[in-house]
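In our numbering, the protein residues as written are 234 to 688.
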């Protein structure tokens, strides 16, 4: 089973999402990391429904949400203790304390649910468990073997405090400890029938923590609920949260994009620094968020579930694998083709395919890959700087640099202010030639540029 944890460190932008998902408890964090990659439309629809209803709950019950978050922050992962309980082991005082504290939290959240009509989770009542572990009805989350459990304990403890004879004190303490051990055994036996209910509540509260965190993220970032689609994926004003945050914090202007994918290849051309790579990373991130049940960084989104996401964008790990960039890229391409021939639902995103080989062979490799993506009906986006790709497929180009808007010196850090990242349909197989223009804007050596233009 593929889990969120497996992708956090490898999918660009997903670690940033994880850092900003405000799960309250270690239990919720574990539940999020172990969330499975979902492909079933009904399962995804159910997850999105829970999040949307929790968003409405947060908006209409602000006071109760504060209390809910406070309780979730107190939540600990007591799954090991509950396993010991199910195995009929005698619990120690720490384990009994953990169950008591959890029962209090569970009951308080259940009461909050009753007051607000929240029905996204179901909790078993914990009143009997609380009565067992809180015989003095103090409603305080600590535990020891109370004298109320056995009238002999109060008398023995009184004598222990009063005696001045060390030997007598030791004998009385031993006698009291035997009674305490018996009480621990009786409590463990009495709690055992409630083990499954406790485990159920633990799982439900972990899920509640995750839904609350996903809902909060959706509100803070302006994410949208995706519509589950068949065969078509479409975004309006798609953005990459981390890039958007960095760009705007540096005083830049982030431009979201509209994009539509079908079960066919799409070839994108554009100058360097024109946002093609960021677009692919944005598409990959949005698809992963969708498959893990998050709302999407866009104004609107219709997304088709896929079985696999292939994102061939950079070669940072190829040196660790002892491979050249081209070798690693060809192995990835071969895996994509093999999966395509098995008729799997795929999303394929490839940045500057065959960029490290000579232009003639690179052009032929790109054309062959696009041909196969069309033949096997693969939802795919391929960016390229090669002109003359003959295969007739959907083509887009980035509008690129708006030279008429440049009124002063610009740097690589301010270039984005003068770029138009809008994607436009094109029938041309020619790639925009903006490299020399950008180099001149950056005041690259004139002699060098003049020689380049002559050639």
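In this text, a Cβ means the ideal position worked out from N, Cα and C, and glycines have one as well.
Can you check DSSP and say which residues form a bridge with residue i?
{"i": "residue 468", "result": "492 and 534"}
{"i": "residue 653", "result": "633"}
{"i": "residue 658", "result": "629"}
{"i": "residue 269", "result": "236"}
{"i": "residue 498", "result": "613"}
{"i": "residue 683", "result": "Paired residue(s): none; residue 683 is not in a bridge."}
{"i": "residue 542", "result": "580"}
{"i": "residue 529", "result": "457"}
Which term fits residue i, buried or exposed, when burial requires 16 or more other beta carbons within 10 angstroms of its beta carbon?
{"i": "residue 434", "result": "buried"}
{"i": "residue 681", "result": "exposed"}
{"i": "residue 675", "result": "exposed"}
{"i": "residue 529", "result": "buried"}
{"i": "residue 274", "result": "exposed"}
{"i": "residue 367", "result": "buried"}
{"i": "residue 377", "result": "exposed"}
{"i": "residue 324", "result": "buried"}
{"i": "residue 630", "result": "buried"}
{"i": "residue 686", "result": "exposed"}
{"i": "residue 221", "result": "There is simply no residue 221 to check, as the chain begins at 234 and stops at 688 in what is shown."}
{"i": "residue 657", "result": "exposed"}
{"i": "residue 459", "result": "buried"}
{"i": "residue 567", "result": "exposed"}
{"i": "residue 346", "result": "buried"}
{"i": "residue 562", "result": "buried"}
{"i": "residue 616", "result": "buried"}
{"i": "residue 267", "result": "exposed"}
{"i": "residue 652", "result": "buried"}
{"i": "residue 355", "result": "exposed"}
{"i": "residue 591", "result": "exposed"}
{"i": "residue 364", "result": "exposed"}
{"i": "residue 553", "result": "Legend: pLDDT at residue 553 = 46, less than 50; position of this residue unreliable, value from coordinates given subsequently. Exposed."}
{"i": "residue 475", "result": "buried"}
{"i": "residue 243", "result": "exposed"}
{"i": "residue 526", "result": "buried"}
{"i": "residue 679", "result": "exposed"}
{"i": "residue 512", "result": "buried"}
{"i": "residue 622", "result": "buried"}
{"i": "residue 449", "result": "buried"}
{"i": "residue 359", "result": "buried"}
{"i": "residue 409", "result": "buried"}
{"i": "residue 289", "result": "exposed"}
{"i": "residue 279", "result": "exposed"}
{"i": "residue 373", "result": "exposed"}
Which same chain residues end up closer than 7 Å to residue i when comparing Cβ atoms and leaving out the 5 residues on each side of it in sequence?
{"i": "residue 514", "result": "245, 246, 473 and 546"}
{"i": "residue 672", "result": "682"}
{"i": "residue 489", "result": "470, 471 and 472"}
{"i": "residue 560", "result": "none"}
{"i": "residue 572", "result": "541 and 579"}
{"i": "residue 357", "result": "430, 433 and 434"}
{"i": "residue 402", "result": "393 and 396"}
{"i": "residue 586", "result": "598, 599, 602, 615 and 617"}
{"i": "residue 249", "result": "474 and 475"}
{"i": "residue 399", "result": "none"}
Using C-beta distances below 6 Å, list every residue in its chain close to residue i, excluding the 5 sequence neighbours before and after it, in chain order.
{"i": "residue 392", "result": "405"}
{"i": "residue 510", "result": "584"}
{"i": "residue 612", "result": "494, 496 and 580"}
{"i": "residue 260", "result": "308, 310 and 439"}
{"i": "residue 343", "result": "356"}
{"i": "residue 699", "result": "Missing from the structure shown is residue 699; the chain here goes from 234 to 688 and no further."}
{"i": "residue 467", "result": "493 and 535"}
{"i": "residue 624", "result": "600, 603 and 604"}
Once the 5 residues before and after residue i are set aside, which same chain residues still bring their CB inside 8 Å of it?
{"i": "residue 538", "result": "271, 272, 273, 274, 277, 461, 523, 524 and 578"}
{"i": "residue 322", "result": "421"}
{"i": "residue 257", "result": "302, 305, 306, 308, 442, 445 and 446"}
{"i": "residue 463", "result": "537"}
{"i": "residue 326", "result": "376, 377, 378 and 417"}
{"i": "residue 610", "result": "496 and 497"}
message = In chain order, what are the residue ranges of uninterrupted alpha helix (DSSP H) at least 4 long that sit wholly in the segment 365 to 400?
response = The qualifying runs are 384 to 395.
Contact between the segment 276 to 292 and the segment 443 to 453 is defined here as three or more beta-carbon pairs at a separation below 8 Å; is this criterion met? At 8 Å Cβ cutoff, the stretches touch.
Quick one: which unbroken alpha helix (DSSP H) runs of 4-plus residues sit fully inside the segment 561 to 635? Chain order, please.
-> Counting only unbroken stretches of 4 or more residues, the alpha helix (DSSP H) elements lying wholly within the segment 561 to 635 are 592 to 608, in sequence order.
Exercise. Are the segment 478 to 490 and the segment 313 to 322 in contact at 8 Å, needing three or more beta carbon pairs?
Worked result: No, the segment 478 to 490 does not touch the segment 313 to 322.
In chain order, which alpha helix (DSSP H) runs of at least 4 residues are fully inside the segment 287 to 344? Those alpha helix (DSSP H) runs which fall completely within the segment 287 to 344 and span 4+ residues are 295 to 306 and 312 to 319.
(Q) Using a Cβ distance threshold of 8 Å, determine whether the segment 414 to 427 contacts the segment 454 to 472, with at least three qualifying pairs required. (A) Three or more Cβ pairs closer than 8 Å define a contact, and the segment 414 to 427 falls short of that threshold against the segment 454 to 472.
Is it the case that the segment 336 to 344 contacts the segment 384 to 403, given that we only count it when at least three CB pairs across the two stretches are under 8 Å? Judged by Cβ distances under 8 Å, the segment 384 to 403 makes no contact with the segment 336 to 344, as fewer than three pairs qualify.
Within 8 Å, do at least three Cβ pairs link the segment 326 to 333 to the segment 290 to 298? Taking a cut-off of 8 Å on C-beta distances, the segment 290 to 298 does not touch the segment 326 to 333, as fewer than three cross pairs fall below it.
Closer than 8 Å is the cut-off here; do at least three beta carbon pairs connect the segment 494 to 502 with the segment 424 to 438? No: fewer than three Cβ pairs fall under 8 Å.
Report the start-end ranges of each beta strand (DSSP E) in the segment 421 to 455 that is 3 residues or longer and not cut off at the edges.
Runs of the beta strand (DSSP E) inside the segment 421 to 455: none found.
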